[in-house]
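**Student:**
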Amino acid sequence: MVVSARSGARVSSELSKGGEALTIRVCGNFDFNMHREFQRAYQNLSPAPKRYRIDLSETQHLDSAALGMLLLLRDHCLGGEEDEGQCRVELLNANDHVEKILLVSNFDKIFTLR
Amino acid sequence: MVADAFRILVIEADRDEAVRLRELLDGCARGIGAIETSVLADSHSALDNCPQFRPDLVIYGPAAAPRATPEDLQLLRTRAGPEPVPILFVKSERETLGSACLQTGCDDILVRPYNPNLVQLKLAALQRFCDFNRSLLAQRNRMRQHHADLLQEQASARQIFSNMGRESCLDQTRAIRYHLSPRAVLNGDVLAAAYAPGGKLMMLLGDFTGHGLAAAVGAVPLTSIFYSMVPKGFSLCHILRELNAKLHRVLPGNMFCCAVMLELDPHKQYGRLFNGGMPSACLRCGSGNLRMLESRHLPLGVLAETEVDEAVIHFPLETGDYLYLWSDGIHEARNLKGEMFGEQRLLDAVSAPMVEGRRFEHILAAVNHFGAEQHDDLSLVEVALADVVPRSTTGSEMGSEPDLEIGRLGNWSINFTLGPEELRDADPLPLLHSVLAQVPGAANFQDSLAIVLGELFRNALEHGLLRLDSALKRTDRGFAEYYRQLDSGRRRLSGGWIRIALRCRDRSGRGLLEVIVEDSGPGLPEGNAGRGNSYSGRGLRLLRAICRRLQVKPGSSRVRAVLDWGQVASRSRRLRKLAI
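Residue numbers (full-length UniProt numbering), protein chains in the order written: chain P, 1 to 114; chain G, 1 to 580.
1) Does any residue of chain P bring its CB to less than 7 Å from the CB of residue 582 of chain G?
2) Output yes if chain P places a C-beta closer than 7 Å to the C-beta of glycine 198 of chain G; else output no.
3) Put threonine 223 of chain G into one of helix, strand or coil per three-state DSSP.
4) How would you call glutamate 361 of chain G, buried or exposed, if buried means at least 16 neighbouring beta carbons within 10 angstroms?
5) Could you check which residue in G:Arg484, G:Leu191, G:Glu83 and G:Leu170 has the C-alpha nearest to that of arginine 54 of chain G?
6) For my contact list, leucine 542 of chain G and lysine 268 of chain G are in at a C-beta cut-off of 8 Å; report their separation, rounded to the angstrom.
7) What residue from G:Arg345, G:Pro231, G:His314 and G:Leu323 has the CA that sits closest to threonine 475 of chain G's CA?
8) Just how far apart, CA to CA, sit phenylalanine 89 of chain G and aspartate 108 of chain G?
9) Mind the definition here: the region 62–71 of chain P touches the region 29–39 of chain P only if three or more C-beta pairs lie below 8 Å; say whether that holds.
10) Output, in chain order, the set of chain G residues within a Cβ distance shorter than 7 Å of methionine 69 of chain P.
11) In whole angstroms, what is the alpha-carbon distance linking lysine 473 of chain G and proline 316 of chain G?
12) Out of G:Leu347, G:Phe256, G:Gln127 and G:Lys232, which one is the CA nearest neighbour of leucine 243 of chain G?
13) Under 6 Å Cβ to Cβ from isoleucine 24 of chain P, same chain only, skipping five residues before and after it: list those, please.
14) Can you round the beta-carbon distance between serine 379 of chain G and glycine 288 of chain G to whole angstroms, since I take them to be within the 8 Å contact cut?
15) Just to confirm my understanding: we take glycine 33 of chain G, look at its own chain, exclude 5 residues before and 5 after, and list those with CB closer than 6 Å. What are they?
16) Please decide whether proline 84 of chain G counts as near chain P, where near means a Cβ-Cβ distance under 7 Å.
17) Quick one: list the residues of chain G neighbouring isoleucine 110 of chain P, beta-carbon separation under 8 Å, in chain order.
18) Can you pull the chain G residues whose beta carbon is under 9 Å from the beta carbon of aspartate 31 of chain P, in chain order?
19) Return helix, strand or coil for histidine 211 of chain G, following the three-state DSSP convention.
20) Which bits of chain P does proline 279 of chain G rub up against, with CB to CB less than 8 Å?
21) Using a Cβ cut-off of 8 Å, pull out every chain G residue sitting near aspartate 75 of chain P, in sequence order please.
22) Given a threshold of 16 other Cβ atoms within 10 Å of its Cβ, counted over all protein chains shown, does glutamate 518 of chain G qualify as buried or as exposed?
23) Let me know if tryptophan 412 of chain G comes out buried or exposed under the rule of 16 or more other beta-carbons within 10 Å of its beta-carbon.
24) Which same chain residues end up closer than 8 Å to serine 557 of chain G when comparing Cβ atoms and leaving out the 5 residues on each side of it in sequence?
25) Kindly give me the distance between the Cβ atoms of glutamate 23 of chain G and alanine 64 of chain G, rounded to whole angstroms, as I take these residues to be in contact under 8 Å.
26) Are the CB atoms of glutamate 20 of chain P and lysine 50 of chain P nearer to each other than 7 Å?
27) CA-CA distance, aspartate 171 of chain G and asparagine 275 of chain G?
28) Tell me, please, which residues DSSP counts as bridged to serine 38 of chain G.
29) Using CA atoms only, rank isn't needed, just tell me which of G:Pro554, G:Val388 and G:Leu502 is closest to leucine 432 of chain G.
30) Which partner residues of lysine 91 of chain G appear in the DSSP bridge assignment?
31) Taking only beta-carbon positions, decide if serine 295 of chain G is within less than 7 Å of chain P.
32) Below 8 Å, how does it come out for the region 248–262 of chain G and the region 293–312 of chain G: are there three or more Cβ pairs, yes or no?
33) If you run the structure through DSSP and keep just helix, strand and coil, what is cysteine 285 of chain G?
34) Could you give the residue range of the alpha helix (DSSP H) that holds alanine 349 of chain G?
35) Could you check whether the Cβ of threonine 209 of chain G sits closer than 7 Å to any Cβ belonging to chain P?
36) Can you give the beta carbon distance from proline 197 of chain G to aspartate 447 of chain G, rounded, assuming they're within the 8 Å contact cut?
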């Protein structure tokens, strides 16, 4: 029996003092296999954080499923009201490869890239 | 046969030993639940009995064990069914755990004299082993069944998708070559192409998030909108806005569609391309220079509403130019070392000197040679830009004589006036096309009519009302600036109108169609008729080739075109010469 190798990716999150900002760090390949961990990192937080920071410094690759997860986080943060100001999701420290993927999809137009 | 009992087949010729064994096993039943025992004299009768009794466990008694052969054991295991059946030998304490019994291939031994507690423990362990195997097999069977159902469903779905693809004009022109290679049965990449009225070719290559069924399903709304809007003459941007809004409504929040859509106008020899989230398309000029047409927009379906106009890239069509489109499956094809094929290798393959007509195979071969395993759906499209021959030409080449088929033409007229509200964002051409499509004989020269209406309407809007300068369009950058000005001018429009009047007169089956387009602007500047500001080169040449008469007067904002309603075949031949 062949069991597919588990990707070495991990998701860790840290809430700032006061719970205003949530930082989620994704290590390794940010792909479909992470979707449960990634969602768990930001769901069921009360009170909901005002700002979300996704730290991509340890992210090697990011696929379209990961882009989809970022969109879900954006929806979560907008709470269904698209016009309600600027979405407070920041994507931080992406390496060149990951940044290029984000730019090809023009995700810089709906997220803040730093 | 007791249901759910633990079934033990005992093989023992010696009666006393058989009775002792049966008593021993029955004694264990108190500890482990119902046991059903069947005693047979030898391997031969055991083999016959196996398929009916379906033992969970086989025990060779002390007299039978020395006579068992490896072949007997193998046959027993085969006959007993798919679940593994443990086989035990009874051996006396005095006998060494000899190689003889191990070589026969038994799984374990029972030691004589029997210790009922130990036997009970062993039976309980074996029973757990059998239960585990049984549930494992049941799960395997369920998974097999599900997998077979899934493949069956996907095969049906694939049939539906391939039937939907028949609407495309991909195989009607030699200008387009394509290769779509799904990773699984279904494809998350989608390619659609159709001719718009006026002979424009519209094409779309899309890549939905993920692959397999969920990704492929997205192709349904995409292609249905594409194939319904393109033939009606909707503009590139209008179709894109519609696709985006529809996909935003139907796709789940984490799904979207990266897409390249292009419009090629072989008459006016320009192309327009929208890229939302796809890898850069590559325009290979006859000279060998490459121009990358990069993504300037979010993928379709991400935002509820979107402005696509500013993301559209304009480029001229020249003989010998090729356009290459691909999905990221090509970039991300990996070799055994895990390296990606990447953009650079791809561009090397595109720019390599090559006999014309061989480059497509060369690129595919380079990717296939590099990639060890396909990780994603993979698509490659090549368009020979100067060879995109409009459909009407192929129609007349096939020998259809449209003027013979026209019956009564009728005498009728349509007047149509558009105010600033309509001109700001409405597109009146599809509406006019749909009205005219109902008129007898109109289908025969829908393309000519579409070109004339399109040219005259755009002239009235862009030059009559908005006073845009066609000279801008001479450079690539100017082209983009022109369309930026058009877009912003249209949005700021607060007054003015455009009037379109169509009148058909039946002259015993060979009628005349008069098209008058007028706008509220100050009219064509004096001394400039036919050149410079109004109709820059191509537009006018095109109109003169199609129309019987064309009246453009300096100082007037009224343009009158007269078309022959019936001499289609000869007209479209002239049109074709012009296009080539």
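Note that the Cβ used here is the ideal one computed from N, Cα and C, for glycine as well.
Here the structure is a predicted model, which is why all the values come from computation and not from measurement.
**Tutor:** In short, the structure shows the following:
1) Outside the shown range of chain G, which is 1 to 580, sits residue 582 of chain G, and nothing can be said about it.
2) no
3) helix
4) exposed
5) When each option's Cα is compared against that of arginine 54 of chain G, the closest is G:Glu83.
6) 7 Å
7) G:His314
8) 7 Å
9) yes
10) Asn254
11) 10 Å
12) G:Phe256
13) Excluding sequence positions up to five before and after isoleucine 24 of chain P, its CB lies within less than 6 Å of the CB of Ser13, Ala41 and Ile54, all in the same chain and listed in chain order.
14) About 24 Å separates the CB atoms of serine 379 of chain G and glycine 288 of chain G; that is not less than 8 Å, and the two are not in contact.
15) For glycine 33 of chain G, where only same-chain residues beyond five positions count, there are no Cβ hits under 6 Å.
16) no
17) Neighbourhood of isoleucine 110 of chain P in chain G, by CB distance below 8 Å: Leu298, Val302 and Leu303, in chain order.
18) Here the premise fails: no neighbours, minimum Cβ distance about 10 Å.
19) DSSP, reduced to helix, strand and coil, places histidine 211 of chain G outside both helices and strands of the structure shown, so it counts as coil.
20) Val104
21) Gly253
22) buried
23) Counting Cβ neighbours within 10 Å, tryptophan 412 of chain G comes out exposed, since fewer than 16 surround it.
24) Ala460, Gly464, Glu518, Asp519, Ser520, Gly521, Pro522, Gly523 and Leu524
25) With 8 Å as the limit, glutamate 23 of chain G and alanine 64 of chain G do not qualify as a contact, their Cβ atoms being about 17 Å apart.
26) yes
27) In a straight line, the C-alpha of aspartate 171 of chain G is about 24 Å away from that of asparagine 275 of chain G.
28) G:Leu9
29) Of the residues G:Pro554, G:Val388 and G:Leu502, the one whose Cα lies closest to the Cα of leucine 432 of chain G is G:Leu502.
30) Per DSSP, the beta-bridge partners of lysine 91 of chain G are G:Val111.
31) yes
32) yes
33) coil
34) 342–351
35) yes
36) 6 Å
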